[in-house]
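*Asks:* For the sequence shown, numbering that gives the first Met the number 0 puts the final residue at 65, and the numbers step up evenly by one.
All C-beta atoms in this analysis are idealised placements derived from N, C-alpha and C, irrespective of residue type, glycine included.
Predicted, not measured: the structure shown is a model, and the values here were computed from it.
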Amino acid sequence: MANKTWKKPTQIIYVNDCKYCGKEITNDMSFLAFYGGTHAHFDCDRKEYYKQLIEKEKNEKRLSQN
Ligand SMILES: [Zn+2]
């Protein structure tokens, strides 16, 4: 009987540079892959999403004041 112990892969592979912060993304991180071959950290994408929401809100407020 073979006594094989499955080990979690410990090798960390470089994926790409984050399109938001420019730092490297490795396969042990949470990241997103975009159409066109770009990647971003999950956290960076979330931050960017909220930043855009805030910007949008600001623009809408500015427009409603005019
Ligand atoms: Zn990032």
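I'd like to confirm something about Lys50: is its beta-carbon nearer than 7 angstroms to some heavy atom of ligand 1, or not?
*Replies:* no
*Asks:* For Ala32, count the other beta carbons within 10 Å of its own beta carbon; 16 or more makes it buried, fewer makes it exposed. Which is it?
*Replies:* exposed
*Asks:* Under the DSSP definition of a beta bridge, which residues are partnered with Glu23?
*Replies:* Asp16
*Asks:* Given this structure, state the Cα-to-Cα distance separating Lys22 from Asp42, to the nearest angstrom.
*Replies:* 12 angstroms
*Asks:* For Thr9, collect the residues of the same chain with a Cβ closer than 6 angstroms to its Cβ; drop the 5 residues on either side in sequence, then sort them by chain order.
*Replies:* Counting only Cβ-Cβ distances below 6 angstroms, and skipping sequence neighbours, we find nothing.
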